[in-house]
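Each protein sequence line maps, in turn, to chains V and S. For the first sequence, the residue numbers in the numbering used here are 1 to 321. For the second sequence, the residue numbers in the numbering used here are 1001 to 1321. Glycine residues also receive a C-beta, built at the ideal position from the N, C-alpha and C atoms.
2 protein chains.
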Amino acid sequence: MGGDIAPEMIALAAAKAAYFLPDCAFTLFGPSEFSSLAKEGISFEPASDIITGDDLPLECVKNKANSSLVRGVQAAAERKLDAFISCGNTGALIAASSLSFSRLPHMSRPALLTHFPSYHGRMVVLDVGGNLITKARRLVQFAYLGSSYAMARFGIERPKVALLNIGQESEKGTSELREAYRTLEQASGNFFTFIGNVEGHDAFLKGVDVLVTNGFTGNIFLKTAEGIASFVFRLTERKIAEQLPDENMLESWLELKRFLSYEASEGALCAGIDGIIIKCHGTSSQRAIFNAILGVCELSENEIIPKMAGLLREAFIPKPL
Amino acid sequence: MGGDIAPEMIALAAAKAAYFLPDCAFTLFGPSEFSSLAKEGISFEPASDIITGDDLPLECVKNKANSSLVRGVQAAAERKLDAFISCGNTGALIAASSLSFSRLPHMSRPALLTHFPSYHGRMVVLDVGGNLITKARRLVQFAYLGSSYAMARFGIERPKVALLNIGQESEKGTSELREAYRTLEQASGNFFTFIGNVEGHDAFLKGVDVLVTNGFTGNIFLKTAEGIASFVFRLTERKIAEQLPDENMLESWLELKRFLSYEASEGALCAGIDGIIIKCHGTSSQRAIFNAILGVCELSENEIIPKMAGLLREAFIPKPL
């Protein structure tokens, strides 16, 4: 029931996934009136409470325990599911995950982690909406958490970590960022290489592997990047349509668009917990949810979370002074 | 002397401007070793102190009073100049402007204001770096300040004002944003129309005339938008080069690129004071600085600041509870 186009988009994506991924089993959670959505490869679990965008995270986890969101997270925590995907209320998803799962080593709370195409490969970004305001100690944790993901998922050795800030100098930004800067500078060299502060326009160009930020700024960063990419595409399409290009041109254009579109993303991982919980946009299309399912399969089959746990267990994470 | 490529880029831009704008007089401020940069239409004022990116704003205004930045702001405040443009330390420029100029009606501190192309026209954005963290009262001031600019500069009647946030619901984001939301909702209808919260991906598409945010978030927004636009362009150019398009296509592409590039921007106005002080990127090219000069001419000739003052004088600005 999560998101703006539920249950239609979610059911369509599950049906597509059940067809293309016959080795996977899917479970839909929602009000029993939708139980007819069950079919071969897709089972249905009734869950009658509805969480809205206005609900406060902790309250709705307590008062709406029979929602699709809370039931799904709990089923994943009880290992009845390998992973759970939601397009619903972000705060509620984080709160439910935080209450139901144990933490990865050294992590105090989950953070939302996603990855972008960048000019040199993939860039891991966290937090993109889990913790609006973040202490220096948490930003340092994010550097380790994001690095363990970059290593386990993309095989990047000693990832390049940067802080998202409004200037490159070490004294720029908020006191939390300055404190995190000093701590990461000292920690640099073993688990990751700290390359300092980067600004929004440099993040995609400077070879950053892991971009660390608080949830408020990270969310603005993520959605602005998606928004301007789609804006540039719309304008460019208008131009291209005027020029009546040949079909090769158009095909090549569409390929690029698919590569950069948010729909190509796997959604955001609720990272730092011992399980796979994925947050997708509230407005996710069938394609976006299907891509999240493909991403989940990769995370699960390649045992990314246990690998991250192993890496983090060996790490020494310094506390800011 | 401000910025990473001083004095070269600034001198080149001034020389170009002196040639193309024979009705304007230019003054360069900098160490006397560069006094040979003076020529027809360009005078030179020696200023030997150098402000760096690491200098703390208020301290360097006091201790480096003979810097190009402080001297230029003061000359503008004394009406020896109609406007002053700097590529230097943002905090120092705001601090110097704040100390030297009187405020526009109801404004307590300057904010950096810029405007973007959007799908429906121009979008005014503030603050993009003046005040890192901002109380609700200041966000409300920004709504009025930005609206007065949109009216005076672009002739937009009752501009559509939005808050940059991580969700559309009124309860999303920080306590400052929630408080500002309630106040702007009540104030909506007279000076401006408040359309609520917008997320980063919607800002360019939802017909927003004035986007209100604190300086930290606004700066991340501004630079991410520039960064991803340039990233998408680089990728697309690579694709286009592969396809060997015809010359019309290439010309049309370059035109779009010019339209969206940060170089086409006029820099950010230090808004809320009784004068024209412009902040350009530290890495500004000759073209970017020349565009800032053209922008300044428009602001000055059309008396935008006095018009804003007149509009704000008539406004009643509610204080958040």
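Neighbour flag for residue i against chain S, beta carbons, 7 Å
i, result
"N219/V", "yes"
"I317/V", "no"
"A15/V", "no"
"I289/V", "no"
"G88/V", "no"
"E8/V", "no"
"E59/V", "no"
"I228/V", "yes"
"V208/V", "no"
"H120/V", "no"
CB contact below 7 Å: residue i versus chain V
i, result
"A1225/S", "yes"
"G1053/S", "yes"
"F1204/S", "yes"
"V1198/S", "no"
"H1106/S", "no"
"A1125/S", "First, the residue type needs correcting, since residue 1125/S is Val and not Ala in the sequence shown. Not closer than 7 Å to any Cβ of chain V, the Cβ of V1125/S fails to qualify, so no."
"V1232/S", "yes"
Which listed residue (the options) has its alpha carbon closest to that of residue i
i, options, result
"F1044/S", "A1152/S, I1010/S, F1194/S and N1197/S", "I1010/S"
"V1161/S", "V1061/S, F1020/S, F1192/S and S1086/S", "F1192/S"
"E1169/S", "Y1144/S, V1198/S and Q1186/S", "V1198/S"
"A1111/S", "L1311/S, A1077/S and A1268/S", "A1268/S"
"L99/V", "E59/V, D82/V and R138/V", "E59/V"
"A1225/S", "P1022/S, G1207/S and S1265/S", "S1265/S"
"G275/V", "F290/V, N291/V, E301/V and I305/V", "I305/V"
"M308/V", "K64/V, Q286/V and M107/V", "M107/V"
"T217/V", "M1/V, G173/V and K64/V", "G173/V"
"N302/V", "R71/V, G3/V and D82/V", "D82/V"
"Y181/V", "A13/V, R158/V, C87/V and Q141/V", "Q141/V"
"K279/V", "F34/V, P105/V, L312/V and A95/V", "A95/V"
"A1047/S", "K1223/S, E1033/S and S1284/S", "E1033/S"
"G3/V", "S35/V, A25/V, I85/V and A76/V", "I85/V"
"K1080/S", "K1062/S, G1167/S and T1027/S", "T1027/S"
"L354/V", "A271/V, L12/V, R71/V and F231/V", "This structure leaves residue 354/V out entirely; chain V is present only between 1 and 321."
"V1073/S", "K1206/S, F1101/S and G1207/S", "F1101/S"
Neighbour-count burial assignment, residue i, 16 or more Cβ in a 10 Å radius
i, result
"I1133/S", "exposed"
"A1187/S", "buried"
"F204/V", "buried"
"P22/V", "exposed"
"R138/V", "buried"
"F1029/S", "buried"
"H1201/S", "buried"
"H115/V", "buried"
"R1318/S", "Going by the sequence as given, residue 1318/S is Pro instead of Arg. P1318/S is exposed by the Cβ-count criterion."
"D1054/S", "exposed"
"H120/V", "exposed"
"Y19/V", "exposed"
"R1153/S", "buried"
"L93/V", "buried"
"T52/V", "exposed"
Any chain C beta carbon closer than 7 Å to residue i
i, result
"F116/V", "In the displayed structure, chain C is absent; the protein chains listed are V and S."
Cβ-heavy atom distance, residue i to the ligand ATP, below 6 Å
i, result
"E1179/S", "With respect to the ligand ATP, the structure shown offers nothing to examine, as it has no ligands at all."
(request) Would you list, in chain order, the members of the stretch 1158 to 1170 of chain S that have their beta-carbon closer than 9 Å to a beta-carbon of chain V? (result) L1164, N1165, I1166, G1167, Q1168, E1169 and S1170
(request) Select from the stretch 266 to 287 of chain V all residues with a C-beta closer than 8 Å to any C-beta belonging to chain S, and list them in chain order. (result) none
(request) Taking a Cβ distance cut-off of 9 Å, strictly less, list which residues of the stretch 1127 to 1160 of chain S are near chain V, in chain order. (result) G1129, L1132 and I1133
(request) Taking only runs that begin and end inside the stretch 1122 to 1166 of chain S, name each unbroken beta strand (DSSP E) of 3 or more residues, in chain order. (result) 1160 to 1164
(request) Let me know the alpha helix (DSSP H) ranges lying completely inside the stretch 169 to 245 of chain V, each 4 residues or longer, listed in chain order. (result) 175 to 187 and 215 to 243
(message) Against chain V, which members of the stretch 1034 to 1053 of chain S pass a CB distance test of less than 9 Å?
(response) T1052 and G1053
(request) Please name the residues in the stretch 173 to 202 of chain V whose beta-carbon is closer than 8 Å to at least one beta-carbon of chain S, in chain order. (result) G173, T174, E199, G200, H201 and D202
(request) Can you check the stretch 1009 to 1084 of chain S for any alpha helix (DSSP H) of at least 4 residues that lies completely inside it and give the ranges in chain order? (result) 1057 to 1063 and 1068 to 1077
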